[in-house]
Ligand code: BES
Ligand code: MN
Ligand code: ZN
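Numbering (the numbering used here), first residue to last: 71 to 607.
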């Protein structure tokens, strides 16, 4: 047989393998086939509510000031010993401060945890009303300092049910660990229970069961997804894990598009990003129907690993690109929290999932791709891939699910971190209304946003010579704004739309009270809050 026939035959069988691809969700694991671990993270401290602190528990005492609150857990003698310690340590109860005491009464320890926030020296209208008590952070930072404390704990000093439930939320968020790959530790973090004790235990328990527990569980799922390395987390395994989390949750519908389905719908942008990887791209759409009217759409960037593709990144810090799916995880987490707490809202969440790899079949700089709605993109950098997968995702969700508004969330640019650091995510919006709603939800949830410019002049950064738009290029436009403009190009002007760039906040380099070092789970609390406050009229 002549050589050319052989290669033509080979090509034919490769093509037919593509055409007769396995059903929607099938995905063989490409890799060593040896799972890195078969266990889950070590057990966290379970949370309970009670009127009284158990007699043998270490106490975490929430403090509003230097004054010891009136709590039944302390005998008069213990009280005066703690007061002496407060005075000699000059403890003021400020948020973020702790005082750890031992040898008082029979308690294994007493830890004072400050909850008093300073008046904010912050943006525009910071005033006295912004000062307050942060029960969440007080509990979260205390539990982090007691990670190795092998006794049961009780949190006391929260004055009412709301404060008690917030302390529980802070504790649960703060005690997160990702240790399923650590086989060589002598002592696992402590797993003895924590009792939140106070005057309205049953009301606090109800608040926890109905809302905060689901929020904390959803943040945990998101952090697990972010932390999971890319040899175990790829588009189809993301779909599997998120589907498992939604299993049995009422009023949920899940739609998964594989590459063949996306190709049929001309989603050349997302399929193009994933074409260098043997692990197929996916579009996962989860809708939750808990209310009436049009849904709020949430679209998340889900790059399970971003090498940069042919425009390859330098190795320094590249490992962190395993978390380049943080936006996709956040939209799923927020939806899970809303659904499990039976919020009366309608949500459609879409995760645009792909692995950005170099390879013989990878897309090249200079390639032109066609998107779902027919608009075309010239690829100047294969490393500006987040905006590409989102281009198809936002067009698809707007067209098929007819939302009343659309928020996308993405680890889109290094530029946003250089602009606003690690305390704020960047917010971009064409109209003030949606921006204001998001800023309000940020304030209420504690996940902060800073609005950045979407000036029309920056739109020229995405004009292409040969296609409708290009995905990057040298201009004077700030990088994060150019990225926002690019996504906005694919969202109809009549659609209220906002873009959140979370590349500076998805990963903590050091611990914060509600987030240990590592995956932050940013966006779950923010989007959960936004959805509760904003439904279609
Ligand atoms: N995933 C990165 C952005 C990123 C950087 C996230 C650091 C988290 C931490 C994104 O895909 C990217 O590579 N962006 C480029 C855009 C550029 C090529 C236009 C960037 O920020 O340099
Ligand atoms: Mn990139
Ligand atoms: Zn990326």
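Note that the Cβ used here is the ideal one computed from N, Cα and C, for glycine as well.
Note that the structure is predicted; figures quoted are calculated from it, not measured.
| Query | Result |
| --- | --- |
| Distance CB(residue 263)-CB(residue 116) smaller than 7 Å | yes |
| For residue 377 and residue 423, believed in contact at Cβ under 8 Å, the rounded distance | With 8 Å as the limit, residue 423 and residue 377 do not qualify as a contact, their Cβ atoms being about 16 Å apart. |
| Cβ contact check for the stretch 329 to 336 and the stretch 409 to 421: 3 or more pairs under 8 Å | no |
| Beta strand (DSSP E) runs contained entirely in the stretch 190 to 255, provided each spans 3 or more residues | 223 to 226 |
| Inter-residue spacing [alpha-carbon to alpha-carbon] between residue 223 and residue 297 | 28 Å |
| Per-residue burial, residue 536 [other beta carbons within 10 Å of its own, 16 or more giving buried] | exposed |
| Cβ separation of residue 522 and residue 551, assumed to be a contact under 8 Å, to the nearest whole Å | 6 Å |
| Cβ-based neighbour list, residue 174, same chain, cut-off 6 Å, excluding 5 preceding and 5 following | 148, 151 and 180 |
| Residue 405, enclosing beta strand (DSSP E) - first and last residue | Element bounds for residue 405: not the beta strand (DSSP E) but the alpha helix (DSSP H), 396 to 410. |
| Proximity below 7 Å, CB of residue 399 to CB of residue 295 | yes |
| Contacts around residue 606, its chain only, beta-carbon distance under 6 Å, and the 5 residues preceding and following it disregarded | 363, 364 and 474 |
| Beta-carbon gap between residue 404 and residue 354 smaller than 7 Å | no |
| 7 Å Cβ cutoff met for residue 349 and residue 100 | yes |
| Beta carbon of residue 235 nearer than 7 Å to that of residue 282 | yes |
| Classification of residue 389 by the beta-carbon crowding that lies within 10 angstroms, buried from 16 upward | exposed |
| Contact test: residue 573 Cβ vs the ligand BES heavy atom, cutoff 6 Å | yes |
| Proximity below 7 Å, CB of residue 431 to CB of residue 306 | no |
| Distance CB(residue 541)-CB(residue 457) smaller than 7 Å | yes |
| Unbroken alpha helix (DSSP H) run spanning residue 338, endpoints | 338 to 344 |
| Option nearest residue 214 by Cα separation, candidates 228, 227 and 242 | 242 |
| Counted within 10 angstroms of its Cβ, other Cβ atoms place residue 608 as buried (16 or more) or exposed | Residue 608 falls outside the range modelled here, since the chain spans only 71 to 607, and no answer is possible. |
| Sufficient close CB pairs (3 or more, under 8 Å) joining the stretch 568 to 583 to the stretch 485 to 497 | yes |
| Residue 329, DSSP secondary structure in three states | helix |
| Complete beta strand (DSSP E) runs within the stretch 504 to 549 (minimum length 3 residues, chain order) | 519 to 521 |
| Residue of 447, 567, 325 and 443 minimising C-alpha distance to residue 434 | 447 |
| Pocket of the ligand ZN (residues with CB nearer than 5 Å to any heavy atom), chain order | 373, 376, 394 and 456 |
| For residue 347: DSSP bridge partner residues | Paired residue(s): none; residue 347 is not in a bridge. |
| Neighbourhood of residue 394 by C-beta, 6 Å cutoff - its chain only, sequence neighbours within 5 removed | 373, 376 and 481 |
| Any non-hydrogen atom of the ligand BES closer than 6 Å to residue 176 Cβ | no |
| Cβ pair residue 594, residue 292 closer than 7 Å | yes |
| Span of the beta strand (DSSP E), counted from its first residue to its last, around residue 466 | Element bounds for residue 466: not the beta strand (DSSP E) but the alpha helix (DSSP H), 456 to 471. |
| Residues near residue 135 in its chain [Cβ-Cβ closer than 8 Å; skip 5 each side] | 162, 163 and 186 |
| Heavy atom of the ligand MN within 6 Å of residue 453 beta-carbon | yes |
| Residue 446, DSSP secondary structure in three states | strand |
| Simplified DSSP assignment, three categories, for residue 323 | strand |
| Collapsed DSSP secondary structure at residue 287 in the structure displayed | helix |
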